[in-house]
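A quick write-up on the structure given underneath.
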Amino acid sequence: MDESSGSQSIDRAAALLALVAERHEEGATLAELVRRTGLKQPTARRLLVALIRAGLIEQSEASRRYHLGISAYLYGTIASDRFAAHSLADESVRRLAERSGDTAFFSVRQGYSTLCLLREEGPHPIRSHVLNIGQRHPLGVAAHGIAILACLGDADVDAVIEANRGYYASHYPMLTEQVLRALVAETRKRGFAINRGLFHQGAWAIGIAVRGPTGAVIGALSIGAIESRLNDERQPEIMAMLKAEARKLEARVAAVDTQGRTGAPPAGEAKEGSRTGRGRERSQRHAAST
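Residue numbers 1 to 290, in the UniProt record's numbering, belong to the letters of the sequence shown in order.
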């Protein structure tokens, strides 16, 4: 096997792994993975078997669906020390959900894409189920993706649009270059991003970027709800919540970066328990696939 074919196999295996992660709760079927990757079934199955041997994926004997394996968990645990913001965001996401009553998220930038890492349901009974833990989208899609993209320089924005042009056209035809650039300009002016049901009718969201100690954007906090919950009258209240939590999260990330470990919470912020457990189970129980 030459170098190019080996690299292609890794790319395909990584794509399968990402899709299985996206469907972490229900599990992914072989038919779904074949459809979404465009791979032939024998190829997809061969790569899945290799991932199973590596412990990155497991197949349920009962449902025959694919789930993340023990090695994926172990590697993630080992890597968690290098990504302090991801774990530190847990408290902010939980507070946002509790105080807003709606669904709160934390997503990170991965190259030209975003990845949803945290999701927490608020107590309001009507929810907007359009973003789940593990879902990946091109930058510029959804409020968090717009917020992150708007923080990049003009040359980087151009590169993102060019890299994702084909995917926008095939999956998000409503997101033309003109619309996307207008959203970026609006977000830069406002300081936060608003998705007014552009991608899913009636599903609105507001997002704000989160920066690391160097000033580079690392992710975004966002709140999603039905349109009536994010109208003009309520937007200032939601934005104030997001801005406050973004600043707290940035301060905590800076403290970890300086100390090399999680220090005391910033002044005025009480230490709260982790969402791991009851809260995470609650958020995952309510999560629904797009």
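Every residue, glycine too, gets a C-beta built ideally from N, C-alpha and C.
Source: prediction; values computed, not measured.
- Across the set GLY224, ALA72, ASP232, the C-alpha of GLY224 shows the shortest separation from the C-alpha of ALA142.
- Per DSSP, reduced to three states, the secondary structure at GLU233 is coil, with no helix or strand assignment.
- Residue state for GLU58 is assigned as strand, using DSSP reduced to three classes.
- Sequence-distant partners of GLN135 (beyond 5 residues in either direction) whose C-beta falls short of 8 Å from its own C-beta, in its chain, are GLU22, LEU115, CYS116, THR290.
- Taking a cut-off of 8 Å for Cβ pairs, the stretch 93 to 102 and the stretch 224 to 242 touch, as three or more such pairs fall below it.
- According to the DSSP assignment, SER63 belongs to no beta strand (DSSP E), since it is labelled neither H nor E.
- Going by C-alpha positions, ARG46 is about 11 Å away from ARG53.
- Assigned with DSSP and collapsed to three states, HIS124 falls in coil, not helix or strand.
- Between ASN164 and PRO125, the C-beta gap is not smaller than 9 Å, which leaves the two residues out of contact.
- Counting C-beta pairs closer than 8 Å gives three or more between the stretch 52 to 66 and the stretch 24 to 38, which meets the contact rule.
- Between the alpha carbons of ILE161 and GLY140 lies a distance of about 8 Å.
- Inclusion of ILE208 and LEU230 in the CB contact set at 9 Å is not warranted, their separation being larger than that value.
- DSSP places ALA182 in the helix class (H, G or I) of the three-state scheme.
- Cβ-Cβ distances below 6 Å link CYS151 to ALA209, VAL217 in the same chain, with the five nearest sequence neighbours on each side left out; the list follows chain order.
- Burial state of LYS248 is buried, judged by a 10 Å Cβ sphere holding 16 or more other Cβ atoms.
- In this structure ALA220 is buried. Its beta-carbon is surrounded by 16 or more other beta-carbon atoms within 10 angstroms.
- For VAL160, the enclosing alpha helix (DSSP H) starts and ends at 154 to 171.
- When C-alpha distances from ALA72 are compared across SER228, ALA18, LEU242, SER170, the shortest belongs to ALA18.
- Secondary structure of ARG136 (DSSP, three-state): strand.
- Closest in alpha carbon position to VAL20, among SER60, GLY145, THR176, SER170, is SER60.
- A straight-line Cα-Cα distance of about 36 Å links GLU186 and GLY38.
- Burial state of LEU51 is buried, judged by a 10 Å Cβ sphere holding 16 or more other Cβ atoms.
- For ALA13, the CB contacts under 7 Å within the same chain, skipping 5 residues up- and downstream, are LEU47, ALA50, LEU51 in chain order.
- Taking all protein chains shown into account, ASP11 has fewer than 16 neighbouring C-beta atoms within 10 Å of its C-beta and is therefore exposed.
- Annotated as distal: LEU183 and PHE199, with beta-carbon spacing of 9 Å or more.
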